[in-house]
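*Asks:* Have a look at the structure that comes next, please.
In this note's numbering, the protein residues as written are 8 to 402.
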């Protein structure tokens, strides 16, 4: 379920302690109302960021995205987007600063961009037996029993320093399974079509207002009442790092994408990744998973960030073969961008089986899906005040 419309721009340098952040969101409550989530005006679907390396699958993904977005929105021609992106030598528009995005928007005559990344995809056994399928496993795990994929997307509006929307979907054919195996999706093509429909529906659909529960104060245990309608601070996300034994780069990128989507889903305002990258690049700091004093000071000064969010993936194992349960462990922390204090941190370690209830309902077979579920659990714990507060400076 999506949160209500974003509050207004908090201005440069706005910051509050994290314990006061969620009560501010609560104060908006049901008064936030609903609005269409995609920006007005003409949009542009930019070339897919393909981490799988399967051209046919990438082409199918772009075709399905264009179909879904084009049903309700005026889009620039995909060929035009490729031409302009190549001319400007843009590899990934998510990493471009606002001034470069403005040039791209001028070239396409677009007011907003839809950017998608295909992180993982793996065929199910039915597709591998079928010559019409993509013909091979598309992850570094062989022997998978069911199709799986991880797909993320972002919407960027021209002239904005913040992400307009971020979404994430990670699913497997068995996630659709009902009793006795009925309803399992056997092919990657079917799974991809369903995932894209849901992702675009979330991006293009109305935001749904929802009340926020009171945040329990960690030190005293009393319920802090919501009494201030002020907007929350902007959050600068520094890409998470990974010390996972397998696929550390992929797992860090997937966890970061899940973090962006969770921030959006819980009503936080994330700065454009390209703006954060430009500020950090200017001071020569581009490491993942941490922030130095010069970084948080620059992000507060140049980006108007109130918080810096980052984290570390410790374990990321995909389930396959006779051991279908994924295993994921990671931690996330928020630093105050004014003084580097750790305002909140939390960590979880789970397997897909641990999410199951009676008759295995709710069991997760996708490592990306487990990552997203864990990220959302962390933010729910933040609401409840069960994360960890700390007073030490950042890294």
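Cβ coordinates follow ideal geometry from the N, Cα and C atoms, glycine included.
If you follow the alpha helix (DSSP H) that residue 113 is part of, which residue opens it and which one closes it?
*Replies:* Counting from 1 along the chain shown, the entry for residue 113 is found at position 106. Note, residue 113: alpha helix (DSSP H), 105-115.
*Asks:* Using a threshold of 8 Å, state whether the C-beta atoms of residue 53 and residue 122 are closer than that.
*Replies:* On the chain shown, residue 53 is found 46 positions in, with the first residue counted as 1. On the chain shown, residue 122 is found 115 positions in, with the first residue counted as 1. Against a cut-off of 8 Å, the Cβ pair of residue 122 and residue 53 comes out as a contact.
*Asks:* With DSSP collapsed to three states, give me the class of residue 121.
*Replies:* What you label residue 121 is simply residue 114 of the chain shown in a count that begins at 1. Residue 121 sits in a strand when the DSSP states are folded into three classes.
*Asks:* Kindly say whether residue 287, judged by its beta-carbon, lies nearer than 8 Å to any beta-carbon of chain C.
*Replies:* No chain C is present in this structure, which holds just one protein chain.
*Asks:* Assuming residue 109 and residue 166 form a contact by the criterion Cβ under 8 Å, report the distance between their Cβ atoms to the nearest whole angstrom.
*Replies:* Residue 109 sits at position 102 when you count from the first residue of the chain shown. Residue 166 sits at position 159 when you count from the first residue of the chain shown. Yes, they are in contact, since the Cβ atoms of residue 109 and residue 166 sit about 7 Å apart, within 8 Å.
*Asks:* Quick check: what's the CA-CA separation for residue 195 versus residue 299?
*Replies:* What you label residue 195 is simply residue 188 of the chain shown in a count that begins at 1. What you label residue 299 is simply residue 292 of the chain shown in a count that begins at 1. Going from the Cα of residue 195 to the Cα of residue 299 covers about 42 Å.
*Asks:* So residue 199 and residue 71 are in contact, right, with Cβ under 8 Å, and what is the actual spacing, rounded?
*Replies:* As a working mapping, residue 199 is identified with position 192 in the chain shown. As a working mapping, residue 71 is identified with position 64 in the chain shown. That pair is a contact at about 7 Å.
*Asks:* State the start and end residues of the unbroken alpha helix (DSSP H) segment that holds residue 207.
*Replies:* Within the chain shown, residue 207 is the residue found at index 200, counting from 1. From DSSP, the alpha helix (DSSP H) with residue 207 extends over 195-211.
*Asks:* Report yes if the C-beta distance between residue 175 and residue 268 is below 8 Å; otherwise report no.
*Replies:* As a position in the chain shown, residue 175 is number 168, starting the count at 1. As a position in the chain shown, residue 268 is number 261, starting the count at 1. Yes; because the gap between Cβ atoms is below 8 Å, this pair is in contact.
*Asks:* Alpha carbon to alpha carbon, how far is residue 388 from residue 124? Give it in angstroms, no decimals.
*Replies:* Numbered from 1 along the chain shown, position 117 holds the residue referred to as residue 124. Numbered from 1 along the chain shown, position 381 holds the residue referred to as residue 388. Using only the alpha carbons, I get a separation of about 28 Å.
*Asks:* Using a 10 Å radius around the Cβ and a threshold of 16 neighbouring Cβ atoms, would you call residue 274 buried or exposed?
*Replies:* Here residue 274 corresponds to residue number 267 of the chain shown, with the count starting at 1. Classification for residue 274: buried.
*Asks:* State the CB to CB distance for the pair residue 206 and residue 160, rounded to an integer number of angstroms; the pair is presumed to be in contact (CB under 8 Å).
*Replies:* The residue you call residue 206 lines up with position 199 of the chain shown. The residue you call residue 160 lines up with position 153 of the chain shown. About 6 Å separates the two Cβ atoms, so the contact holds.
*Asks:* Secondary structure at residue 264, three-state DSSP: helix, strand or coil?
*Replies:* Taking the first residue of the chain shown as 1, we reach residue 264 at position 257. The answer is helix: DSSP assigns residue 264 an H, G or I state.
*Asks:* Over what stretch of residues does the beta strand (DSSP E) that includes residue 179 continue unbroken?
*Replies:* As a working mapping, residue 179 is identified with position 172 in the chain shown. 170-179 is the span of the beta strand (DSSP E), which, as asked, contains residue 179.
*Asks:* When DSSP labels each residue in this structure, what does residue 270 get in the three-state scheme?
*Replies:* Residue numbering aside, residue 270 sits at position 263 when the chain shown is read from its first letter. Correct three-state label for residue 270: helix.
*Asks:* Within the segment 278-327, note down every full alpha helix (DSSP H) run reaching 4 residues or more, in order along the chain.
*Replies:* For the segment 278-327, the full-length alpha helix (DSSP H) segments reaching 4 residues or more read 280-289 and 300-310 along the chain.
*Asks:* If you run the structure through DSSP and keep just helix, strand and coil, what is residue 50?
*Replies:* Within the chain shown, numbered from 1, the residue matching residue 50 stands at position 43. Looking at residue 50 - three-state DSSP - the assignment turns out to be strand.
*Asks:* Can you tell me the Cα-Cα spacing of residue 348 and residue 303, whole angstroms?
*Replies:* For the purposes of this step, residue 348 is taken as residue 341 along the chain shown, with counting starting at 1. For the purposes of this step, residue 303 is taken as residue 296 along the chain shown, with counting starting at 1. Distance between the alpha carbons of residue 348 and residue 303: 10 Å.
*Asks:* Evaluate residue 320 with the Cβ neighbour count: other Cβ atoms within 10 Å of its Cβ, from every protein chain shown; 16 or more gives buried, anything less gives exposed.
*Replies:* The residue you call residue 320 lines up with position 313 of the chain shown. So residue 320 counts as buried.
*Asks:* Measure the alpha-carbon distance for residue 259 versus residue 270 and round it to whole angstroms.
*Replies:* Position 252 of the chain shown holds residue 259. Position 263 of the chain shown holds residue 270. So the two alpha carbons sit approximately 16 Å from each other.
*Asks:* In this structure, how does DSSP classify residue 256 when only helix, strand and coil are distinguished?
*Replies:* Counting from 1 along the chain shown, the entry for residue 256 is found at position 249. In the structure shown, residue 256 sits in a helix (DSSP, three-state: H, G or I).
*Asks:* Count the other C-beta atoms from every protein chain shown that fall within 10 angstroms of the C-beta of residue 280, then say buried if there are 16 or more, exposed otherwise.
*Replies:* Against the chain shown, residue 280 aligns to sequence position 273. Buried.
*Asks:* Find the nearest neighbour of residue 56 within the set 92, 248 and 318, judged by alpha-carbon distance.
*Replies:* Here residue 56 corresponds to residue number 49 of the chain shown, with the count starting at 1. With distances taken between Cα atoms, residue 56 lies closest to 92.
*Asks:* Check whether the Cβ atoms of residue 251 and residue 317 lie closer than 8 Å to each other.
*Replies:* In the chain shown, counting from the first residue as 1, residue 251 sits at position 244. In the chain shown, counting from the first residue as 1, residue 317 sits at position 310. Contact flag unset, no.
*Asks:* Determine the DSSP secondary structure at residue 88, reduced to helix, strand or coil.
*Replies:* Looking up residue 88 in the chain shown gives position 81. In the three-state DSSP reduction, residue 88 falls in the helix class (H, G or I).
*Asks:* So, at 6 Å on beta carbons, what are the nonlocal neighbours of residue 68 in its own chain, with the 5 sequence-adjacent residues on each side left out?
*Replies:* Numbered from its first residue, the chain shown carries residue 68 at position 61. Cβ neighbours of residue 68 beyond the five flanking positions: 55 and 125.
*Asks:* When DSSP builds the beta bridges, which residues end up paired with residue 162?
*Replies:* If you number the chain shown from 1, residue 162 lands on position 155. According to DSSP, which records beta bridges pairwise, residue 162 is partnered with 121 and 172.
*Asks:* State the DSSP-derived secondary structure class of residue 387, mapped to helix, strand or coil.
*Replies:* Against the chain shown, residue 387 aligns to sequence position 380. Residue state, collapsed to three classes: helix.
*Asks:* Terminal residues of the continuous alpha helix (DSSP H) containing residue 77?
*Replies:* In the chain shown, counting from the first residue as 1, residue 77 sits at position 70. In the DSSP assignment, residue 77 falls within the unbroken alpha helix (DSSP H) covering 62-77.
*Asks:* Tell me whether residue 167 sits in a helix, a strand or coil according to DSSP, three-state version.
*Replies:* Along the chain shown, one-based indexing puts residue 167 at 160. Looking at residue 167 - three-state DSSP - the assignment turns out to be coil, as it is neither helix nor strand.
*Asks:* To the nearest angstrom, how far is it from the Cα of residue 346 to the Cα of residue 339?
*Replies:* Position 339 of the chain shown, counted from the start, is the residue given in the question as residue 346. Position 332 of the chain shown, counted from the start, is the residue given in the question as residue 339. One C-alpha to the other measures close to 18 Å.
*Asks:* Exposed or buried, what is residue 74 when buried is set at 16 or more other beta-carbons lying within 10 Å of its beta-carbon?
*Replies:* Counting from 1 along the chain shown, the entry for residue 74 is found at position 67. Exposed, since its Cβ has fewer than 16 Cβ neighbours within 10 Å.
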